[in-house]
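In what follows, a single structure is set out as C-alpha cells and then discussed.
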Amino acid sequence: MKRQLPRLHAVTNDEVLALPDFHERTAAIAKSAPGTAVHIRSGSLGGRRLTELAEFTKQTLEAGCTFVNDRVDVARIVGADGVHLPSAGLSVTSARSIIGPECWVGRSVHNAVEVQRADDEGADYVVLGPIWPTVSHPGTEPLGLDALSFGYDLPVIAIGGITPERRNYTGTGTGVYSVGSLRCGVDLCHLVRPGRYFGRSRFVAIFPTVSDNLTIKTNGEERQIEGGSSLLDLLQQLDLDPRFVVVELNRNIVRRPALAETPLKNGDEVELVHFVGGG
Numbered sequence: 377m378k379r380q381l382p383r384l385h386a387v388t389n390d391e392v393l394a395l396p397d398f399h400e401r402t403a404a405i406a407k408s409a410p411g412t413a414v415h416i417r418s419g420s421l422g423g424r425r426l427t428e429l430a431e432f433t434k435q436t437l438e439a440g441c442t443f444v445n446d447r448v449d450v451a452r453i454v455g456a457d458g459v460h461l462p463s464a465g466l467s468v469t470s471a472r473s474i475i476g477p478e479c480w481v482g483r484s485v486h487n488a489v490e491v492q493r494a495d496d497e498g499a500d501y502v503v504l505g506p507i508w509p510t511v512s513h514p515g516t517e518p519l520g521l522d523a524l525s526f527g528y529d530l531p532v533i534a535i536g537g538i539t540p541e542r543r544n545y546t547g548t549g550t551g552v553y554s555v556g557s558l559r560c561g562v563d564l565c566h567l568v569r570p571g572r573y574f575g576r577s578r579f580v581a582i583f584p585t586v587s588d589n590l591t592i593k594t595n596g597e598e599r600q601i602e603g604g605s606s607l608l609d610l611l612q613q614l615d616l617d618p619r620f621v622v623v624e625l626n627r628n629i630v631r632r633p634a635l636a637e638t639p640l641k642n643g644d645e646v647e648l649v650h651f652v653g654g655g
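Our numbering puts the first residue of the sequence shown at 377, with every later residue one more than the last.
Here it is as C-alpha cells:
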C-alpha cells in the first residue's frame with residue numbers, strides 16, 4: 377500500500393548535489409520538515425553516483441519520501457518511494473512495470489490537456505507549472521492560479537515561483553514542488569529555518585507535508601495531532617508556554633532548544649509537567 381503523497385516536494389539539481397554540505401542539508405530537512413519528499417534529479421551524473429545519493433537520502437528521510445527523477449532504474453535499486461517522469465519521458469505504464477505497484481509514479485505537465493493525458497496513462501499525480509514567473513525558465517509564460525482551478529481527478533502539485541509569501545495558493549492542488557529552495561547553494565531557509573511561531577518551517581506551516589493525523593499519548597491520554605507536528609507544535613496546541621514545561625518523550629527529557637526540532641511519531645508517549653507561579 378502506498379504512503380500518503382507528501383504536500384511539499386524539494387527538488388535537487390546538479391549544483392545542489394555537488395554541494396559539499398548536501399548531506400547536512402538533507403539531514404536538516406529531515407529534522408525541520410518531517411514528511412517532505414526530496415527528489416534526486418540530475419542532468420549529468422551517472423547511475424552509480426545517483427544511486428549513492430538516493431540511498432543516503434532514503435536512509436536520512438525516515439519520515440519523508442525519496443523520489444528519483446527520470447531514472448527509474450535507480451529508483452528501483454534504492455527502493456525509492458516514487459519516480460517522477462519528465463513530460464516527454466518514459467510512459468507511466470513502463471515505469472510502473474519496473475518500479476512496482478507500491479511506488480508513486482508522477483509526471484511533469486504544462487496544461488490541462490497534459491494533465492488529462494497523464495491521468496489517462498495512470499499517473500498517481502502530476503506537477504503542473506510554472507504557476508508564477510520563475511528564474512529557472514525566464515522566457516516561459518506563467519500559467520497563473522487559474523490553471524489549478526479545473527477540478528482535476530488526480531493530485532496536482534504546483535511548481536514555478538513557489539514561495540511561502542504566496543499565501544494566495546487557492547487551487548485544488550495537493551501541494552508544492554519547490555526547486556528554488558534547494559538550488560544553487562541557497563541555505564534552505566524556506567525549508568529548514570523554524571518560523572517565529574512554528575516549530576516547523578515557513579513552507580511547512582503553510583503547506584503541511586503530511587495531513588494524516590497521528591495518535592499519541594499525552595500524560596496517559598490518547599490525543600490526535602496533525603502529522604509532521606513537533607513537540608513545540610504540541611505545546612502551542614495545548615496553549616502551554618515552553619519556558620514553564622518539562623517535556624518527556626518516550627521517557628527521555630527533551631530540552632527546550634530541541635522542542636522545535638523533535639517530530640512526533642505515531643504511538644509516542646509524551647509526559648508534560650507544567651509549573652505555575654505561586655506565593
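A virtual CB, placed ideally from N, CA and C, is assigned to each residue, including glycine.
### Query
Nearest to Pro514 by alpha carbon, out of Ala523, Val502, Gly536 and Asp500?
As a position in the sequence shown, residue 514 is number 138, starting the count at 1. Looking at the Cα atoms, Gly536 is the closest of the given residues.
### Same chain only: Cβ atoms within 7 Å of Ala394, ignoring 5 sequence neighbours per side
By one-based count along the sequence shown, residue 394 stands at place 18. Once the five neighbours on either side are set aside, Ala394 has no close Cβ partner at all.
### Whole-Å CB distance - Val552 paired with Leu384, under 8 Å assumed
For this step, residue 552 is matched to residue 176 along the sequence shown. For this step, residue 384 is matched to residue 8 along the sequence shown. The Cβ separation is near 6 Å, so the contact holds.
### Task
May I ask you to verify whether the stretch 464-472 touches the stretch 431-442, counting CB pairs closer than 8 Å and requiring at least 3?
no
### Query
Over what stretch of residues does the alpha helix (DSSP H) that includes Gln613 continue unbroken?
For the purposes of this step, residue 613 is taken as the residue at position 237 of the sequence shown. Leu607 to Gln613 is the extent of the alpha helix (DSSP H) around Gln613.
### Query
Thinking just about the alpha-carbon of each residue, which of Asp457, Ile629 and Phe651 is nearest to the one in Gln380?
As a position in the sequence shown, residue 380 is number 4, starting the count at 1. Comparing Cα-Cα distances from Gln380 to each of Asp457, Ile629 and Phe651, the minimum goes to Asp457.
### Task
Within the same chain, show all residues whose beta-carbon is closer than 7 Å to that of Arg452, passing over the 5 residues directly before and after it, in chain order.
Residue 452 sits at position 76 when you count from the first residue of the sequence shown. Taken in chain order, the residues that qualify are Ile474 and Ile475.
### Within 8 Å, strictly: CB atoms of Leu635 and Leu607
Your numbering for residue 635 matches position 259 in the sequence shown. Your numbering for residue 607 matches position 231 in the sequence shown. In this structure, Leu607 lies closer than 8 Å to Leu635 by Cβ.
### Task
Enumerate in chain order the residues of its own chain whose CB-to-CB distance from Arg472 is below 6 Å, with the five nearest sequence positions on each side excluded.
Numbered from 1 along the sequence shown, position 96 holds the residue referred to as residue 472. For Arg472, where only same-chain residues beyond five positions count, the Cβ hits under 6 Å are Val481.
### Message
Restricting to Cα atoms, I'd like to know which of Val387, Thr442, Glu602 and Arg619 is closest to Ser418.
### Response
Mapped onto the sequence shown, residue 418 falls at position 42. The candidate whose alpha carbon is nearest that of Ser418 is Val387.
### Task
Return the CA-CA distance between Gly527 and Val630, expressed in angstroms with no decimal places.
Reading the sequence shown from its first residue, position 151 is the one you call residue 527. Reading the sequence shown from its first residue, position 254 is the one you call residue 630. Using only the alpha carbons, I get a separation of about 44 Å.
### Task
Tell me, to the nearest whole angstrom, how far the beta carbon of Asp390 is from that of Leu421; I am working on the premise that it is less than 8 Å.
In the sequence shown, residue 390 corresponds to position 14, counting from 1. In the sequence shown, residue 421 corresponds to position 45, counting from 1. Indeed, because the Cβ distance is near 7 Å, the residues count as touching under 8 Å.
### Task
For Leu519, I'd like the list of residues in its chain whose CB is within less than 8 Å of its CB, leaving aside the five on either flank, ordered along the chain.
Walking along the sequence shown from the start, residue 519 turns up at place 143. So the list reads His486, Asn487, Leu504, Gly505, Pro506, Ile507 and Gly536, once near-sequence residues are dropped.
### Message
Three Cβ pairs or more, each shorter than 8 Å: is that satisfied between the stretch 610-624 and the stretch 641-648?
### Response
yes
### Query
Distance, Cα to Cα, Arg689 vs Val414?
A question about residue 689 goes unanswered here, because the residues of the chain that appear run from 377 up to 655.
### Limits of the unbroken alpha helix (DSSP H) element including Phe443
Here the question's residue 443 lines up with position 67 in the sequence shown. Per DSSP, Phe443 belongs to no alpha helix (DSSP H); it is in the beta strand (DSSP E), Cys441 to Asn445.
### Query
With DSSP run on the structure shown, which of helix, strand or coil describes Ser484?
For the purposes of this step, residue 484 is taken as residue 108 along the sequence shown, with counting starting at 1. Residue state, collapsed to three classes: strand.
### Query
Is DSSP giving Ala413 helix, strand or coil here?
Here residue 413 is taken as the residue at index 37 of the sequence shown, counted from 1. Ala413: strand per DSSP, three-state reduction.
### Query
Are Leu616 and Asp644 closer than 8 Å when you measure CB to CB?
For the purposes of this step, residue 616 is identified with residue 240 of the sequence shown, where counting begins at 1. For the purposes of this step, residue 644 is identified with residue 268 of the sequence shown, where counting begins at 1. Cβ atoms of Leu616 and Asp644: not closer than 8 Å.
### Task
Using the DSSP secondary-structure output, state which residues sit across from His460 in a beta bridge.
Within the sequence shown, the letter at position 84 stands for residue 460. Partner(s): Asn445 and Gly482.
### Query
Roughly how many whole angstroms lie between the Cα atoms of Pro639 and Val459?
Indexing the sequence shown from 1 puts residue 639 at position 263. Indexing the sequence shown from 1 puts residue 459 at position 83. Approximately 26 Å, taken between the alpha carbons.
### Distance, Val444 Cα to Glu637 Cα
Against the sequence shown, residue 637 aligns to sequence position 261. Against the sequence shown, residue 444 aligns to sequence position 68. Cα to Cα, Glu637 sits roughly 26 Å from Val444.
### Task
Less than 8 Å between the CB atoms is what I'm expecting for Pro618 and Arg632, so what's the real figure, rounded?
The count along the sequence shown starts at 1 and reaches residue 618 at position 242. The count along the sequence shown starts at 1 and reaches residue 632 at position 256. About 6 Å; that satisfies the 8 Å criterion.
### Query
Would you report the Cα separation of Leu461 and Glu490, rounded to the nearest angstrom?
Your numbering for residue 461 matches position 85 in the sequence shown. Your numbering for residue 490 matches position 114 in the sequence shown. About 13 Å.
### Query
Got a sec, what are the start and stop residues for the beta strand (DSSP E) Leu437 sits in?
For the purposes of this step, residue 437 is identified with residue 61 of the sequence shown, where counting begins at 1. Run containing Leu437: none; DSSP gives neither H nor E here.
### Supposed contact pair Thr427 and Val450 - C-beta distance, whole angstroms, cut 8 Å
By one-based count along the sequence shown, residue 450 stands at place 74. By one-based count along the sequence shown, residue 427 stands at place 51. With 8 Å as the limit, Val450 and Thr427 qualify as a contact, their Cβ atoms being about 5 Å apart.
#### Entry: CB contact flag (Leu524, Tyr501, <8 Å)
As a working mapping, residue 524 is identified with position 148 in the sequence shown. As a working mapping, residue 501 is identified with position 125 in the sequence shown. No.
### Per DSSP, the bridge partner or partners of Ile629
Stepping through the sequence shown from its first residue, residue 629 is reached at position 253. Bridge partners of Ile629: Glu624.
### Query
Bridge partners of Arg599, per DSSP?
Taking the first residue of the sequence shown as 1, we reach residue 599 at position 223. Its beta-bridge partners are Ile592.
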